[in-house]
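Visitor: So the sequence shown is residues 59 to 301, counted in our numbering.
Glycine included, every Cβ here is placed at the ideal spot set by N, Cα and C.
None of these values were measured; they are calculated from a predicted model.
One structure follows; several queries about it will come next.
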Amino acid sequence: MRILFGLAMLAAVLGLWLLSRKGFGPLKRKLGAAALSLLLAVGAAGYLRLALNSEISALQDSETFYYASQADAAGRFIREKLAGTDIVLIADPGYRDDLRLPGFREAFCRAVGHDNVELAPLETSNPELPLYETMKSDDFDRLQQKFPEADVFVSLVGLPSDAMRMKMIRQGGPGKKPALLLIGLGEVPRRQLAEAIRSGRVAGAITLRTEQIDSDRLAPRNPEEAFALRYRLITLENVAGAL
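The following block contains the structure:
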């Protein structure tokens, strides 16, 4: 549709120019001026469109990089603290439509040092509703049963409101497998999550920084710098007062 509109505008400019060549006196000058004005307008519109598209593309790339910086931080934490060798990323059922996830998984695998990483959707009893409204501890337990060899689960959807009933939290603790790391908090009560981190039943959680974020700032190309601008990793060492 946009291509047809552009061709129509060019045809109009050409038509006016041809008429101006055949005209005479004042009419010729008016047609020539009209053709020139229309040509300038088309050129200006095209330039503005290219500039706008370029700006939108830069913003999209920046947000994708910010998002992937969480994968870098999570991967390094798992490699250094949890030594995870069989990892499951718990994702929204519609994750295949999320254009950020391929880059996220790539950054995660690079940071953790291997690609033994499975993306698994969290299935609920009512998939037509938003996940955060319907997810329950039982849904996480069923997913855990599908991956009995996993030593680390990373939830990209946070935790449900009844998270303390989850098997991997009830039976979790320092040094126990599987470990659980969150990217986003979900619906879990913050006080309960803080206690779970303090007791080692949850290894850590990545969340947005509490101080004001400059949302217009483009992401620096260093993932650690990008992460520090937007997010923080809450662990046993810094959980006090963080949630």
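1) Report the three-state DSSP secondary structure of Pro278 (helix, strand or coil).
2) What first and last residue would you give for the alpha helix (DSSP H) that runs through Tyr153?
3) Is the beta carbon of Arg248 less than 9 Å from the beta carbon of Arg267?
4) Can you tell me which of the three DSSP states Ile136 falls into?
5) Touching or not, the stretch 124-144 and the stretch 272-291, by the rule of three or more beta carbon pairs under 8 Å?
6) Can you tell me which of the three DSSP states Ser213 falls into?
7) Return the chain-ordered list of same chain residues with a C-beta closer than 6 Å to the C-beta of Val146, the five sequence neighbours on each side being excluded.
8) CA-CA distance, Cys167 and Ala237?
9) Alpha carbon to alpha carbon, what distance is there between Val215 and Glu164?
10) Per the DSSP calculation, Ala178 is bridged to which residue(s)?
11) Going by DSSP, what residue range makes up the beta strand (DSSP E) through Ala237?
12) Roughly how many whole angstroms lie between the Cα atoms of Glu282 and Val260?
13) For Ala263 versus Ile241, is the C-beta distance shorter than 9 Å?
14) To the nearest angstrom, how far is it from the Cα of Phe152 to the Cα of Gln118?
15) Output needed for Arg223: all residues of its chain with C-beta closer than 7 Å, excluding positions within five of it in sequence on either side, in chain order.
16) Among Thr143, Asp150, Leu251, Ala298, which residue has its Cα nearest to the Cα of Glu186?
Guide: With the structure as the only source:
1) Shown here, Pro278 sits in coil according to DSSP, grouped into three states, outside any helix or strand.
2) Unbroken run through Tyr153: none, as it is neither H nor E.
3) Between Arg248 and Arg267, the C-beta gap is not smaller than 9 Å, which leaves the two residues out of contact.
4) If DSSP states are grouped into helix, strand and coil, Ile136 belongs with the helices.
5) Cβ pair count under 8 Å is three or more, so yes.
6) Ser213 falls in the strand class under three-state DSSP.
7) Excluding sequence positions up to five before and after Val146, its CB lies within less than 6 Å of the CB of Glu176, Ala178, Phe205, Ala208, Phe211, all in the same chain and listed in chain order.
8) Cys167 and Ala237: Cα-Cα distance of roughly 17 Å.
9) Approximately 18 Å, taken between the alpha carbons.
10) Beta-bridge pairing links Ala178 to Ile148.
11) Segment 237-241, the beta strand (DSSP E) holding Ala237.
12) Roughly 23 Å between the two C-alpha positions.
13) In this structure, Ala263 lies near Ile241, with their beta-carbon atoms less than 9 Å apart.
14) According to the sequence provided, residue 152 is Gly. The question's Phe does not apply to it. Near 20 Å, if we compare the C-alpha coordinates of Gln118 and Gly152.
15) Answer for Arg223: Ser195, listed in chain order.
16) Check the Cα spacing between Glu186 and each of Thr143, Asp150, Leu251, Ala298: the tightest is with Asp150.
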